Amino acid sequence: MNDKCTVLVFLPYYLPGYRAGGPIRSISNLVSHLSDEFNFKIITSDRDINSVECYDDISINQWNKIDGNDVFYLSPDNMSFTKMRELLSHTKYDILYVNSFFSSNFSIYQILIFQLFLKSKGRFILAPRGEFSVGALSIKSFRKKCYIGLAKMMRLYKNITWQASSEYESQDIINVMGRKSKVLVAPNLPSYFSGIEFTDEYVNKIDENKPLKIIFLSRISPMKNLTFALEVLNKVTVNVEFSIYGTKEDIDYWSKCEHLIKNLPMNINVKYCGPVPHNEVQTIFSNGDLYFLPTLGENYGHVIYEALSCGLPVLISDQTPWKDLMSKNLGWDLSLDSMSPYIEAINSFASIDTNERLTQKNTIVKFAKEIFQDNNAVEMNRTLFNTKVE
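First residue of the sequence shown: 116, per the working numbering; consecutive thereafter.
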């Protein structure tokens with residue numbers, strides 16, 4: 116007899132997808148850590164973001180066993196309000212766990228169905244996944260403000276639990292939805308790339324005359340702020356090989372990036388490498404010198420942690436939970452108000468000798484390992500699903 120609590124998870128994209136980034140990692144890591152204690156059932160799309168083809172080797176519009184867990188892959192024609200209500204009504208669960216605030220198919224339909232028809236059926240937990248950050252709300256802001264205002268007027272989100280991945284995001288949720296919101300902090304659980312170690316052999320491989328290898332790995336959209344990175348590189352004086360990895364989520368935005376790339380000086384060489392599966396990320400990061408992500412906001416930033424776990428210093432904005440990086444010798448978290456500190460960081464980093472880089476890389480790997488071994492984060496996620504609504 117299975118008496119484990121059943122958590123019915125809704126999110127727009129899941130494994131084997133990888134192009135949608137962080138939320139996929141958030142849920143797959145959560146399931147990996149807690150599937151012995153909770154029965155996770157996941158409802159998601161049958162294809163990756165911006166893809167017209169469904170995944171291979173899955174059964175569409177029915178339950179699949181993926182790594183021992185039930186996953187229901189929905190085709191686009193089965194995402195209507197009526198279809199979602201039917202699916203929810205016929206699926207047993209104790210907790211409804213929604214991983215978006217603004218997605219109509221995977222959040223708005225669910226809260227409407229729950230409040231109108233299923234109020235007595237379990238609990239409702241909503242993780243906005245960074246959608247309430249100032250940067251995220253500034254994109255298509257009018258539409259978002261209208262929905263937030265309407266939802267608050269209807270008291271649509273009354274008596275639900277909000278998940279924040281950090282105290283930083285908790286404050287974002289309260290700022291948007293009000294102080295009466297029930298918010299629990301349950302940090303995202305990271306992936307850890309084990310086996311990374313830097314020795315004197317690493318120093319011998321470094322050619323100080325080669326360009327600085329800087330990596331941007333993220334979705335290509337206004338939120339990730341690639342244009343800012345390119346504008347910074349336009350002012351950098353050292354030789355740089357800038358590799359861009361990620362899905363072109365916003366084609367108009369990518370056109371702006373291409374225009375900036377064409378006007379970069381001769382010392383900056385840019386290469387677009389496309390989206391990459393998660394199992395290739397470690398190799399990419401292990402061969403880089405610096406990770407650059409001037410994001411407008413991250414509720415966690417899995418890719419930042421993954422860069423750190425590969426010993427890669429990070430140059431990021433101050434709009435993430437990763438703080439005080441310079442004092443810890445992990446990189447930089449800088450304000451987006453000025454490009455000058457970013458330019459200075461890159462120019463100065465290029466002058467660091469190989470022994471300093473070796474010391475820094477081992478410091479970074481040690482830091483990442485300590486985070487991965489933090490059992491408190493797992494306990495906070497366990498508490499999220501065990502806490503009853505008062």
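Glycine included, every Cβ here is placed at the ideal spot set by N, Cα and C. On a predicted model such as this, the values are computed, not experimentally measured, just so you know.
C-alpha of A492 to C-alpha of K484: approximately 13 Å in a straight line. Residue range 469-487 is occupied by the alpha helix (DSSP H) that includes Q475. Between the alpha carbons of F487 and L304 lies a gap of roughly 8 Å.
The Cβ atoms of G250 and Q434 sit closer than 8 Å to each other. Contact check for I164 and E364: beta-carbon distance about 7 Å, within the 8 Å limit, so the pair qualifies.
Closest option to D287, judged by alpha-carbon separation, among S432, A344, E246, I142: E246. Between F482 and L405, the C-beta gap is not smaller than 8 Å, which leaves the two residues out of contact.
In the same chain as V146, and ignoring 5 residues on each side of it, the C-beta atoms closer than 7 Å to its own belong to F155, N184, in chain order.
In the structure shown, F239 adopts extended strand secondary structure according to DSSP, grouped into three states. According to DSSP, I223 shares a beta bridge with no other residue.
A residue is called buried when at least 16 other Cβ atoms come within 10 angstroms of its Cβ; P302 meets this threshold and is buried. Going by DSSP, I329 is part of the beta strand (DSSP E) stretching over 327-332. Residues N220 of the same chain have their beta carbon placed closer than 7 Å to that of M194, with the five preceding and five following residues left out of the count. Judged by pairs of C-beta atoms under 8 Å, the stretch 354-372 touches the stretch 323-331, as three or more such pairs exist.
With a 10 Å radius around the Cβ and a threshold of 16 neighbouring Cβ atoms, C261 comes out exposed.
Collapsing the DSSP output to three states places G264 in a helix. Here F331 is buried: its Cβ has 16 or more other Cβ atoms, across all protein chains shown, within 10 Å. Look at T276 here: in three-state DSSP terms it is strand. Using a 10 angstroms sphere on the CB of C388, the tally of other CB atoms stays under 16, which defines it as exposed. Secondary structure at L341: helix, using DSSP grouped into helix, strand and coil.
L233 sits away from L123, with the two beta carbons spaced by 8 Å or more. Per DSSP, the beta bridge partners of D185 are K156, K180.
Bounds of any alpha helix (DSSP H) do not take in K207, whose DSSP letter is neither H nor E. DSSP places E284 inside the alpha helix (DSSP H), whose first and last residues are 282-292.
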